[in-house]
Amino acid sequence: MTKSSLLASLAIVLPMSLPLAASAASLTLSEPLAGGTLHEGTVDMSIYTQPVDETGVEVVAFYTERAGAEPLRVAMRLEEGDSATFGLPGISGVTYRFERSAEAVTVTSAPARTELAMN
């Protein structure tokens, strides 16, 4: 095998052998009544925040898996330092993390890991 054919073979095989990086989307809402949208796979999620009292923030999210589907609602109250990570009913392959730090709420979507446990 010549040097040029070896390099050509490596150029084809090497990218296929590298692990694929998982993508994640993130949205930070740092003001009262701020809002934004995340898109992960087939799910669109619109999120906004509103103050509840001196220490709490209500985070409201509407999500849908496909165009034309009825949006579903998720709401939670977050205090300083609170966080929650969960998947959505009927939607596989993605998790969402809602986290409050100071006055900001950060929402991150990421591909879900699947692990198989066998006895």
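Count the sequence shown with mature numbering (1 follows the signal peptide of the UniProt record, and there is no 0) and you get residues -24 to -1, 1 to 95, in order.
Every residue, glycine too, gets a C-beta built ideally from N, C-alpha and C.
Sheet register partners of leucine 48 (DSSP bridge): As a first step, residue 48 must be located in the sequence shown, where it is residue number 72. BP columns for leucine 48 point to Tyr39.
Rounded straight-line distance, which links the Cα of glycine 57 to that of threonine 25: Here residue 25 refers to the residue found at position 49 when the sequence shown is read from its first residue. Here residue 57 refers to the residue found at position 81 when the sequence shown is read from its first residue. Distance between the alpha carbons of threonine 25 and glycine 57: 16 Å.
Limits of the unbroken beta strand (DSSP E) element including glycine 11: Working through the sequence shown from its first residue, we reach residue 11 at position 35. It spans 11 to 16 - the beta strand (DSSP E) in which glycine 11 sits, taken as one unbroken run.
Own chain, CB closer than 7 Å to proline 27, minus 5 neighbours either side, in chain order: Here residue 27 corresponds to residue number 51 of the sequence shown, with the count starting at 1. Correct list, in chain order: Pro8 and Val33.
Counted within 10 angstroms of its Cβ, other Cβ atoms place arginine 89 as buried (16 or more) or exposed: Within the sequence shown, numbered from 1, the residue matching residue 89 stands at position 113. Classification for arginine 89: exposed.
Straight-line gap, threonine 71 to alanine 86 (C-alpha atoms, nearest Å): For the purposes of this step, residue 71 is taken as residue 95 along the sequence shown, with counting starting at 1. For the purposes of this step, residue 86 is taken as residue 110 along the sequence shown, with counting starting at 1. Going from the Cα of threonine 71 to the Cα of alanine 86 covers about 6 Å.
For glutamate 34, three-class secondary structure by DSSP: Working through the sequence shown from its first residue, we reach residue 34 at position 58. Strand.
Methionine 94 (DSSP reduced to helix, strand or coil): In the sequence shown, the residue the question calls residue 94 occupies position 118. The answer is coil: DSSP assigns methionine 94 none of H, G, I, E or B.
Assigned exposure category for arginine 42 - 16 Cβ within 10 Å defines buried: The count along the sequence shown starts at 1 and reaches residue 42 at position 66. So arginine 42 ends up on the exposed side.
Candidates Glu75, Arg53 and Leu5, of which the one nearest threonine 61 by Cα: Numbered from 1 along the sequence shown, position 85 holds the residue referred to as residue 61. Cα-wise, what sits closest to threonine 61 is Glu75.
C-alpha gap between glutamate 79 and proline 47, whole angstroms: Locating residue 79 in the sequence shown gives position 103, counting from the first residue. Locating residue 47 in the sequence shown gives position 71, counting from the first residue. Taking the straight line joining both Cα atoms gives about 27 Å.
Buried/exposed call for methionine 94, threshold 16 Cβ in 10 Å: Position 118 of the sequence shown holds residue 94. It is exposed - the Cβ of methionine 94 has fewer than 16 other Cβ atoms within 10 Å.
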